[in-house]
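To keep things clear, I will list the structure first and then write my remarks on it.
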Amino acid sequence: MTSVRLVPIVLGVLIGAAVLWLAPAAPALAQDAAQENDTCLACHTQPGMVLELPSTEVVSVTIDPKRFAGSAHGQALTCTTCHEANAEIPHPRVTAKTMREYQDARSRICATCHTDPVEAFAGSVHGRAGRMGFADTPNCTTCHNPHDAARVKTPAFRNNLPQLCGTCHADARIMQKYGLRPVYQSYINEFHGVTTTLYKLTKPMSPTPAAICNDCHGGHEIRAASDPASKVHPDNILGTCRTCHTDAGRLFTTAWTEHQTPSPQASPLVYYVQLFYRFLIPATVAFLGLLTVLDLGRWATDQVRRMGR
């Protein structure tokens, strides 16, 4: 019975001893990491440093030390955590021949820590397209600058995400190549996009409450709308809308224009209502303006007549 009671005491003593032993090492480790990064940044803060690939494409290797130190990676990792081979000086020759090969190699490093997002991305439309050899599809470093990695839960990241997606989805050439619509501009003109833009401009420290791209399509696991597992598949889209619109009825999604600018072919009812108000509102303002001018004219005439009496 006595030995059983001693177990918690012994464990407590061991844990306390371990904490006391490791505590002095923590500042030393942090100092070593800072010194290691300073060694790399002694060269890599020089403006205009580039790596030219055999394809003649150029990669900037200049790092902004303040932005790196304030990033998620700069606060948790050292340079050689990701660039292990570059601990040697001079650095080993880069084997990538093109920018895409270089980006893919950098993205594979992300899997060392970010296992779940990388696995989800591999099954997405973007990940599958990349494995098929399409060089203009995104990978990790397309959306996340590793030397300026913003925390994804910050208001700034959320408010700027539509613009990030628009890098590709506003490009008519890329969209035409893959048979997609350039949806970015139509999103910006919709309620969700207008709200997000207002928050970005007027309340940059507050996250937009409106839906942004990954709220509806997912983040790393984006799938085609025709995929039954997609969050915007016709069978799933109402449930996705109810994430925010909890009381949405079964006909709620019929009001959505599907990121299409209303026209006689797409959302004709919305188009003709908009057209009606485009004429009605200016006509009403013009009519009221005319009444105001006539009334002021009558008033001025009456004043002149009274003064003449």
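FYI, numbering that gives the first Met the number 0 numbers position 275 of the sequence shown as 274, with every residue one higher than the one before it. Where is the CB? At the ideal position from N, CA and C, for every residue including glycine. Since we're looking at a predicted model, the values are computed, not measured.
| query | result |
| --- | --- |
| Compare the C-alpha of V124 against each of N138, R305, V272 and name the closest. | N138 |
| Assuming the contact rule is C-beta atoms closer than 8 Å, C78 and E35 should be a hit. Round their C-beta distance to whole Å, please. | 7 Å |
| Secondary structure at V93, three-state DSSP: helix, strand or coil? | coil |
| Using the C-alpha atoms, what's the distance from L163 back to H191? | 16 Å |
| Could you give the distance in angstroms between the alpha-carbon of A134 and the alpha-carbon of N159? | 24 Å |
| Could you give the distance in angstroms between the alpha-carbon of P26 and the alpha-carbon of V151? | Its pLDDT being 46, under 50, P26 is placed unreliably by the model, and nothing is read from it. |
| Indicate the three-state DSSP secondary structure (helix, strand or coil) for V303 in the structure shown. | helix |
| Under the three-state reduction of DSSP, which class applies to L293: helix, strand or coil? | helix |
| Could you tell me the distance, in whole angstroms, from the CA atom of P91 to the CA atom of I62? | 19 Å |
| Along the chain, where does the beta strand (DSSP E) that runs through E51 open and close? | 49-51 |
| With respect to the beta strand (DSSP E) encompassing S106, which residues constitute its N-terminal and C-terminal limits? | Note, S106: premise wrong, no beta strand (DSSP E); alpha helix (DSSP H) at 98-109. |
| May I have the straight-line CA-CA distance separating G218 from R157, to the nearest angstrom? | 12 Å |
| Which residues share a DSSP beta bridge with S59? | V49 |
| Helix, strand or coil for R66, going by three-state DSSP, please let me know. | helix |
| Using the beta-carbon count (16 or more within 10 Å), is I280 buried or exposed? | exposed |
| Might you give, ordered along the chain, the residues of its own chain that have their beta carbon closer than 8 Å to the beta carbon of H244, omitting 5 neighbours on each side? | F251 |
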